[in-house]
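Residue numbers for the sequence shown follow full-length UniProt numbering, so the first one is 1 and each next one is one higher. Each residue gets a CB set at the ideal place from its N, CA and C atoms; glycine is no exception. It should be emphasised that the depicted structure is a prediction, and the values quoted were computed from it without experimental measurement.
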Amino acid sequence: MERSSIGGFNDGARTAEGSANDAAAPVLSHIHVSCYVTAANRATPVFEVLPQQNCVKVANKPANDASIAGMLSTSSSGGAVSTAEWTFHSVFSSSSPSHAIDFFTEITLPALRTARDGINSNVVVWGVHPTQKYRLLFGKSVGGGGFAPQPEMAVNDVVELYGQLVGMLHAFFAQLDIGSRPAQNEPWRLGISSWIIVNNQAIDLLKTDSNRTNSSAEPMTFVSLEAQSLAGAFRIVQTAKTNRIVRKQNAENAHFFVRLALFHGGQVSSVHLVDLIDQKDFQDQVSIQEKIELYSILQDLRQAGATLRQSSTRASVPQVFTGKMVLSNFMMPLLTANAKSFLYANVIDSRSSLRESVQMLNAVANLRGFTCVCKPLRGVSFEQLYIVEAQIRGSTPNRSVLSPQIEMPSSVNSHMLERHSSFEQPPATSSLNGAEESEAMSWLNAFAQRKLNILGGSIDTINTRPSITDLYEQVRESLEDVKEIELGKPENSRVSHCSLHSLPPNRSIPESHTPLPILDQSSDQEDFAHIGYSRTKNERILQHHTERSQHPDEDLHSSNHAPVSSKPDPFELEAFKKAGISPCVMVPPNVDGLDVKTAERVQAADATLLRKNYEALLSIVREQQQDKEAAEARAAEAIQDQEETRAMFEVHIENMKLANVGLRSKLRALEKRTSLPQVFKQYQQELSTLHAQVQELQTRNVALELRASGVGGAVMGASGSSIELKKKYRQVVEEKLALEREIMELRKRERLVFLQENFEFHSKMAGESTRRVDQLSRDLNKKEEDLVATRLSKQRLIAEMNQAREKADQLHHENEKLLQEKAVTTEELLATRMYLASLDIEKKKASILDRFVEKHGDRMNKLRQHGPFSTGSKGENWRRDQYARECEDKLLATVKRSLPQAVPLCNKILRRLEMQELSLREFSEREVDFINLLVELVSDQPTVSLKQMIEQEMKKLQS
């Protein structure tokens, strides 16, 4: 693909040191215009780049091609007069294989050098759809987490892989090209800010609070994070790029801003890198209005620049632009303030984007800007900039820092300084104690105590050492502290409809698109055990246990006298309805028949279980939200990469088609210029003619010989005269000699013709070979140059491959460590499963005990109460056999006959015997159930063991 680049910069706009008092000389600030033309249609190019004349022209077209003339006759939206030639500060050819390196050398490094000298600089990138300017500035969008650039990498490799911004950061931390500022003992400090403009709203990409948008009436303030190393700066940039995709949501395009604040020895300066959206035919009114106002700013700047340069050497700031769009409020200071601005225009040479390309060229060509007196801003302390150190494990501070216009020392607020100092104080840490156990272990302790009270014996002590599962749960609990709602208070019904938990009042509900935290990849793994024990969690647990220990009687009294109701109140029902949860899950546990302490433990265990389930559900929802955001970011990146790849492939296919057509036309031209086919055709015709003549002569010779032989025989037979024969013979010999001479002459003629034709053919071939050798020599020179470039790229790829191998070895070692950790985790998981299995067995045994107590607890008293009122048919069920019943009837009949007065006494005796028999039956049944209970508690197979025990008892009774 043919590429040409036009760049403009003013070498005179440099800072020179004055006298010994370190006073900077005034700097003439201009807008330096750069342009990059991509030839998408090589067959019919529209623009022609002329590096020698420092301009871009319209390519010469046939007279009947009126489409370009119609396009050029249309003026731009900014009101600039259309022209067929555009002049820039300087024009250079992009014959280098890497345009990114040329951009870094001509634009990025001068911008960084200017900022190091104390003068603000801006790099504004503009383009026509489709362009790849975003990847040129910031590298690839965002992937599964790319590797940070290494400090020992070459600058060209960093620019090629990570873009201009990371290349500038690499040059900054590597102390490359310091500039004219003298070196001091104080180190350089860097703050990074980033924001986007979507739908006429500015959104901070490094801010975590809910108020992320600012209206045009309010001052724009953005969070600035300090980068102390290249790796830290790369993480901040990656976070901003990821949040750019997440925060713009469904918007198609977004203006991307990145600001670097440089501080050194009381001097502060800034570098702005701006990626404006592609200038195409927009459909929404917001983009159309932004485009109109931007062209108006450039037109006003063009008209006012010449007047201000002629009137005064020190240009005053123009009147405040009264645009309605947020983009205009940002671009106006960048183009008119005391700064050195680099305006880069990316133009595609295509008929489909011709109108937008002409409008852009008309807007930026011959643009000089204002002549300003730029002086470095010095005497500023670092605390006045409100640059916050990037939090590794915590979230980004919830306040905006580093406003676009840096305040003077007189406007510093002491309260803000105190807030800034509070960020640097690390939180107090406390050691673990008995109150900081996990909630799962607390539930197990409560359950063990309940079983101990029921069985009345001793059980094994549960180990309270936190496992890896408990540590993982504590890490998730530390992400967001969740407090319980007091359902009885009326004010809570207005705050939240959730019946279980709510956020604390000092925290806001997170939005659906939360920025990703900045993670420290070089942090030690040993901090994992301490990350879950936050100060808020520890204080809350200690306070809860202190209140419970100080008021045990009140809790006991409230638990005894609290009314037990299985039906939730209307507020709970409404909360369940809004949360989508069935009310049956909140039914309190049944504590009937239990003592006070056991009931309290059961209720506490139930509440703890509900809290644990809710927090687990909350963590799952949070993980799903994070996975959704990451998937959306990856999908957006994939779509963008697909569009760029498709455009690149289309351009390559068109180029290959054009190359094929050119080769075919060249082949036809060569066939037309050379006469080889005609020469061979003539040679074949002459050869066939000569062969025909030779055959004719040979036939004539044979006929003559036959004629001579026939004539000689006739003469000998008739007269026998030898004189006539001799005469005839002489005539034949003379004719033969004449024919031989004629044949020799014909052969000589044939040889001469052949030599003449060969000479002409060889002369033509020699001329053609000479031209071909010249062409091959030129092609060989080009191939040698390409070979040198290929070898250089090969060496670079070999270096990158070696680095990739080293990285692969490092990843292999890390994988081995992870496998070892996985084995240890697997062992712990197996132990946990065994423990849970034993816990299920204990629960089963406890349920068996509950059934036994429920069945035989008060059964005897009930039987005794209902015994005297039972009917005869009911009593017969408790008799052993019919013989006993007959004996009882006979005895009663005998007593009635013999002693009627003893009948009541006999009835009492019989009733007493019946009750005794009933008691014996109950005791025997209870004994069997008790034996069954003991067997189930002891044996792993209670059914088989009980059957065997019953058979053994029956054998003993029979024996």
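Those residues which DSSP pairs with residue i across a bridge
{"i": "residue 85", "result": "57"}
{"i": "residue 377", "result": "268"}
{"i": "residue 255", "result": "197"}
{"i": "residue 225", "result": "192, 388"}
Boundaries of the beta strand (DSSP E) in which residue i is found, first to last residue
{"i": "residue 267", "result": "267 to 275"}
{"i": "residue 201", "result": "201 to 204"}
{"i": "residue 328", "result": "Careful: residue 328 lies outside any beta strand (DSSP E), inside the alpha helix (DSSP H) at 326 to 336."}
{"i": "residue 123", "result": "120 to 127"}
{"i": "residue 341", "result": "339 to 349"}
{"i": "residue 47", "result": "47 to 50"}
Three-state class that DSSP yields for residue i in the structure shown
{"i": "residue 193", "result": "strand"}
{"i": "residue 264", "result": "strand"}
{"i": "residue 917", "result": "helix"}
{"i": "residue 390", "result": "coil"}
{"i": "residue 483", "result": "Model confidence at residue 483 stands at a pLDDT of 38, short of 50, so the residue's coordinates are unreliable and nothing is read from them."}
{"i": "residue 832", "result": "helix"}
{"i": "residue 797", "result": "helix"}
{"i": "residue 429", "result": "A caution first: residue 429 carries a pLDDT of 35, below 50, which makes its placement in the model unreliable, though a value can still be read off. Three-state DSSP puts residue 429 in coil, outside helix and strand."}
{"i": "residue 523", "result": "With a pLDDT of only 39 at residue 523, under 50, the local geometry of the prediction cannot be trusted, and the value read off the model is given with reservation. In this structure, residue 523 counts as coil in the three-state DSSP scheme."}
{"i": "residue 30", "result": "coil"}
{"i": "residue 825", "result": "helix"}
{"i": "residue 299", "result": "helix"}
{"i": "residue 37", "result": "strand"}
{"i": "residue 290", "result": "helix"}
{"i": "residue 753", "result": "helix"}
{"i": "residue 174", "result": "coil"}
{"i": "residue 281", "result": "coil"}
{"i": "residue 187", "result": "coil"}
{"i": "residue 701", "result": "helix"}
{"i": "residue 850", "result": "helix"}
{"i": "residue 907", "result": "helix"}
{"i": "residue 383", "result": "helix"}
Minimum C-alpha distance to residue i - residue among the options
{"i": "residue 796", "options": "155, 124, 736, 933", "result": "155"}
{"i": "residue 113", "options": "270, 625, 651, 258", "result": "270"}
{"i": "residue 637", "options": "47, 87, 253, 842", "result": "253"}
{"i": "residue 355", "options": "808, 47, 326", "result": "47"}
{"i": "residue 936", "options": "851, 165, 385, 891", "result": "851"}
{"i": "residue 603", "options": "612, 613, 591", "result": "591"}
{"i": "residue 704", "options": "336, 222, 732", "result": "732"}
{"i": "residue 207", "options": "240, 763, 352, 925", "result": "240"}
{"i": "residue 58", "options": "351, 250, 849", "result": "351"}
{"i": "residue 259", "options": "127, 231, 222, 292", "result": "222"}
{"i": "residue 792", "options": "51, 97, 35", "result": "97"}
Boundaries (first-last residue) of the alpha helix (DSSP H) holding residue i
{"i": "residue 616", "result": "596 to 673"}
{"i": "residue 134", "result": "133 to 138"}
{"i": "residue 102", "result": "99 to 103"}
{"i": "residue 891", "result": "882 to 898"}
{"i": "residue 360", "result": "354 to 364"}
{"i": "residue 44", "result": "Premise fails: residue 44 is in no alpha helix (DSSP H) and is neither H nor E."}
{"i": "residue 160", "result": "155 to 162"}
{"i": "residue 242", "result": "230 to 247"}
{"i": "residue 110", "result": "109 to 116"}
C-beta atoms of residue i and residue j nearer than 9 Å
{"i": "residue 965", "j": "residue 273", "result": "Residue coverage of the chain in this structure runs from 1 to 959, which leaves residue 965 outside it and unanswerable."}
{"i": "residue 56", "j": "residue 88", "result": "yes"}
{"i": "residue 297", "j": "residue 328", "result": "yes"}
{"i": "residue 101", "j": "residue 367", "result": "no"}
{"i": "residue 364", "j": "residue 343", "result": "yes"}
{"i": "residue 256", "j": "residue 196", "result": "yes"}
{"i": "residue 390", "j": "residue 227", "result": "yes"}
{"i": "residue 960", "j": "residue 199", "result": "The shown model of the chain, from 1 to 959, leaves out residue 960, and the question about it has no answer."}
{"i": "residue 961", "j": "residue 358", "result": "Only positions 1 to 959 of the chain appear in the structure, and residue 961 is not among them; the question remains open."}
{"i": "residue 129", "j": "residue 151", "result": "no"}
Proximity test, residue i beta-carbon vs the ligand FAD heavy atom, cut-off 8 Å
{"i": "residue 164", "result": "Only the bare structure without any ligand can be found here, which leaves the ligand FAD out of the picture."}
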